[in-house]
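In the working numbering, the protein residues as written are 105 to 235.
First the structure, in the form of structure tokens, and then the observations on it.
Spelled out as structure tokens, the structure:
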């Protein structure tokens, strides 16, 4: 009889622990990406080749101050697949100038804008690309 109660108590404890862990994971979403740590590396690698002063794109994406006013537009263009433009189709080769964004990079940019487009710590900012 005592053994049965102990078994039930352990099973109950394990169930409560599992429920608590599940609820904690659901209530603690991934942190909002920041420009300095998460977004700038993506923009520098995939966008700044055209989005810089004196080049073909209409605005620079080299600094937070340049990027922040365009956050909603960036989200829309990335989500729709309009940006960055890439017209070559897979599997027709590998290109050294491939600007396509991975699903993870797209998700980072979209979550950043939906999270209020925070700047983040300036110390996390990678060096600006050299052209």
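Don't be surprised by glycine CBs; every beta carbon is placed ideally from N, CA and C.
What you are looking at is a predicted structure, and each value in this text was computed from that prediction instead of being measured.
So residue i and residue j are supposed to be a Cβ contact under 8 Å. How far apart are they, rounded?
{"i": "residue 144", "j": "residue 230", "result": "6 Å"}
{"i": "residue 214", "j": "residue 175", "result": "Residue 214 to residue 175, Cβ: 10 Å. No contact."}
{"i": "residue 172", "j": "residue 221", "result": "6 Å"}
{"i": "residue 205", "j": "residue 150", "result": "6 Å"}
State buried or exposed for residue i, treating a residue as buried only when at least 16 other CB atoms are found within 10 Å of its CB.
{"i": "residue 137", "result": "buried"}
{"i": "residue 163", "result": "exposed"}
{"i": "residue 160", "result": "exposed"}
{"i": "residue 139", "result": "buried"}
{"i": "residue 135", "result": "exposed"}
{"i": "residue 132", "result": "exposed"}
{"i": "residue 212", "result": "buried"}
{"i": "residue 188", "result": "buried"}
{"i": "residue 126", "result": "Residue placement at residue 126 is poorly supported in this model, since its pLDDT is 46, which falls under 50; the coordinates still yield a value, given next. Under this definition residue 126 is an exposed residue."}
{"i": "residue 62", "result": "Coverage of the chain is limited to positions 105 through 235, which leaves residue 62 absent and any answer about it impossible."}
Go through its chain and collect everything with a Cβ distance to residue i's Cβ below 6 Å, but skip five positions before and after it.
{"i": "residue 141", "result": "224 and 228"}
{"i": "residue 181", "result": "187"}
With the cut-off set at 7 Å, would you say residue i and residue j are in Cβ contact?
{"i": "residue 236", "j": "residue 146", "result": "Residue 236 cannot be examined here, being either before or after the span of the chain that is shown, 105 to 235."}
Less than 7 Å between C-beta atoms, sequence neighbours within five positions excluded: which residues of the same chain meet that for residue i?
{"i": "residue 155", "result": "161, 163, 164 and 165"}
{"i": "residue 178", "result": "213 and 217"}
{"i": "residue 226", "result": "140"}
{"i": "residue 168", "result": "139 and 223"}
{"i": "residue 235", "result": "156"}
Give every residue of the same chain whose Cβ lies closer than 8 Å to the Cβ of residue i, excluding the five residues on either side of it in the sequence, and list them in chain order.
{"i": "residue 185", "result": "none"}
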